[in-house]
Amino acid sequence: MPQTNRRPSDFVDGSRLWDRHMALARFGAREDGGVDRPALSGVEADARAQIVAWGRELGLRPFTDAVANLFLRYEGRDPSLAPILVGSHIDSQPTGGKFDGVFGVVAALEAVQAIITQGERPLRSIEVVAWTNEEGSRFAPGMTGSEAFTGTRSAKELFKIQDAKGVTIQEAAEAVLSRDIDIPHRALGFPVAAFLEAHIEQGPVLEKAGIPIGVVSGIQGTRRYRVRVTGEAAHAGTALRAERKDALMAAIRMISAIDRAALEPADTMLTVGLLNVSPNAPSVVPAEAFFSIDLRHPQDEIVDQVDSEIRRITEAEKGPCEVALTQIAHARSLTFATEIRAAITRAAQRIDVPSMDIYSAAGHDARQLHYWCPTGMIFIPCHEGISHSPEEWAEPEHITAGARVLVDTIWDLATGKPPL
Ligand SMILES: [Zn+2]
Numbered sequence: 001m002p003q004t005n006r007r008p009s010d011f012v013d014g015s016r017l018w019d020r021h022m023a024l025a026r027f028g029a030r031e032d033g034g035v036d037r038p039a040l041s042g043v044e045a046d047a048r049a050q051i052v053a054w055g056r057e058l059g060l061r062p063f064t065d066a067v068a069n070l071f072l073r074y075e076g077r078d079p080s081l082a083p084i085l086v087g088s089h090i091d092s093q094p095t096g097g098k099f100d101g102v103f104g105v106v107a108a109l110e111a112v113q114a115i116i117t118q119g120e121r122p123l124r125s126i127e128v129v130a131w132t133n134e135e136g137s138r139f140a141p142g143m144t145g146s147e148a149f150t151g152t153r154s155a156k157e158l159f160k161i162q163d164a165k166g167v168t169i170q171e172a173a174e175a176v177l178s179r180d181i182d183i184p185h186r187a188l189g190f191p192v193a194a195f196l197e198a199h200i201e202q203g204p205v206l207e208k209a210g211i212p213i214g215v216v217s218g219i220q221g222t223r224r225y226r227v228r229v230t231g232e233a234a235h236a237g238t239a240l241r242a243e244r245k246d247a248l249m250a251a252i253r254m255i256s257a258i259d260r261a262a263l264e265p266a267d268t269m270l271t272v273g274l275l276n277v278s279p280n281a282p283s284v285v286p287a288e289a290f291f292s293i294d295l296r297h298p299q300d301e302i303v304d305q306v307d308s309e310i311r312r313i314t315e316a317e318k319g320p321c322e323v324a325l326t327q328i329a330h331a332r333s334l335t336f337a338t339e340i341r342a343a344i345t346r347a348a349q350r351i352d353v354p355s356m357d358i359y360s361a362a363g364h365d366a367r368q369l370h371y372w373c374p375t376g377m378i379f380i381p382c383h384e385g386i387s388h389s390p391e392e393w394a395e396p397e398h399i400t401a402g403a404r405v406l407v408d409t410i411w412d413l414a415t416g417k418p419p420l
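The sequence shown begins at 1 in the UniProt record's numbering and counts up one residue at a time.
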């Protein structure tokens, strides 16, 4: 007979968890209820100090590194084993909400607190992490902390990135680190047994399905392009249509054919969200059309197939115009570790919280960690899928459910079941 049937999830305190979200939302609070907390800013350093204080109250040891990633360590029975790392980020977009990133960090802290309250120490250490500059809005691109940690890009290279005022990541990180009192530094990239990231979905799928937990199966592959079609300006009343080099008409033929090429399979995401026409005057044949293409699908083969169609179509439909297609981003799709996904599903089933498999449409720090250690993500619904907006909203009951599934998953992994 086990000593108790209780699980760490029984010790999750929903109101404490909610209060911590609201407390962090005060750092960089906007008048409209949103959050503006740039990476490595003064307000982010204040939020960071609050998290360190909460961790210290629980007896967790804080650590940092050269890029100001923040770790809070709860030591397991065997400190020599690689830890379970759990967290997300606390920087925001300029028009950010209260939940993006914060949920993953605060839920990780709540999970550790629930495990401490439960009273039994896990075999492996557990570390809460807040990665530096996930959003990439002050310093573009984002994922600085997780990329430096996993060595995807060197800290030296990342340090040179500047914000709009010419401040480098290195200068901003040093300013944040100078405020850390008694926080030891560790080298980037230590061994990790598993990484878990809880996050709001930032999409409408879970809310529509009425399911509180998404077991993230992977992150879909993405390709982004810019297309410039160059024609020739001419008089709308005198230039014969057969002799025109109408850049907009060529762009319309391209967009329409690309749209048709991406109709199947139905979950192919294709968006032309930007279209600029020049000179954009009612009586002038357009000399130039510039548009974007955003293509996403969970399977790389589909992304690659549409990619070759895009390349074929832009040439085939250009007519008398010139076309220049530039691919500005390419990220392969990835599938998270089966054992982590199974552990999350099991944890949800045990406490009777409905869950479903879901793909992540957006990128996260978990993308980088996936190449470092077994990694998984837990999604919770957010209202109408709205994110990066003051309107961003997650229901307290979903936040609590997410933290409960998270802590039981951590417990399984940190007690060695299944073996890692
Ligand atoms: Zn995020």
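The beta carbon of each residue, even a glycine, is placed where N, CA and C say it ideally should be.
If you run the structure through DSSP and keep just helix, strand and coil, what is M22? Correct three-state label for M22: helix.
Where in the segment 60-139 do unbroken runs of the beta strand (DSSP E), each at least 3 residues long, occur, reported from the N-terminal end onward? Unbroken beta strand (DSSP E) stretches of 3 residues or longer found wholly inside the segment 60-139: 61-64, 70-74, 84-89 and 126-131, given in chain order.
Can E134 be considered in contact with ligand 1, in the sense that its beta carbon sits closer than 7 Å to one or more heavy atoms? The answer is yes for E134.
If we ignore side chains and look at the alpha-carbon of each, how far apart do R228 and G34 end up? Distance between the alpha carbons of R228 and G34: 36 Å.
What is the DSSP secondary structure of L196, reduced to helix, strand or coil? Three-state result, L196: strand.
Alpha carbon to alpha carbon, how far is R20 from T117? Give it in angstroms, no decimals. In this structure, the CA atom of T117 is about 18 Å from the CA atom of R20.
Pocket of ligand 1 defined by Cβ to heavy atom distance under 5 Å: Cβ atoms closer than 5 Å to ligand 1 belong to D100 and G101.
By how many angstroms is the C-alpha of S278 removed from the C-alpha of L240? Cα to Cα, L240 sits roughly 19 Å from S278.
Buried or exposed for A414, going by 16 or more other Cβ atoms inside 10 Å? A414 sits buried, since 16 or more C-beta atoms from the chains shown fall within 10 Å of its C-beta.
Could you tell me if K160 is buried or exposed, where buried requires 16 or more neighbouring beta carbons within 10 angstroms of its beta carbon? Around the beta carbon of K160, fewer than 16 other beta carbons lie within 10 angstroms, which makes this residue exposed.
Would P320 and K245 be called neighbours here (beta carbons separated by less than 8 Å)? Against a cut-off of 8 Å, the Cβ pair of K245 and P320 comes out as a contact.
S389 (DSSP reduced to helix, strand or coil): Three-state result, S389: coil.
Within the same chain, show all residues whose beta-carbon is closer than 6 Å to that of P354, passing over the 5 residues directly before and after it, in chain order. By the criterion of a C-beta distance shorter than 6 Å, P354 is surrounded in its chain by I211, once the five residues flanking it on both sides are discounted.
Same chain only: Cβ atoms within 7 Å of M1, ignoring 5 sequence neighbours per side: No answer about M1 holds up, because its pLDDT of 42 lies below 50 and its placement is not dependable.
Just to confirm the assignment, what range does the beta strand (DSSP E) spanning A289 have? Here the beta strand (DSSP E) through A289 covers E288 to H297.
Counting beta carbon pairs with one atom in the segment 246-255 and one in the segment 195-203, are three or more of them shorter than 8 Å? Fewer than three pairs of CB atoms, one per stretch, sit closer than 8 Å, so the segment 195-203 makes no contact with the segment 246-255.
Euclidean distance between Cα positions of A53 and R61: Taking the straight line joining both Cα atoms gives about 10 Å.
If I measure Cβ to Cβ from D46 and keep anything under 6 Å in the same chain, skipping five residues before and after, which residues do I get? F27, listed in sequence order.
Taking R404 as part of the alpha helix (DSSP H), name the residues at either end of that continuous run. Here the alpha helix (DSSP H) through R404 covers P396 to A414.
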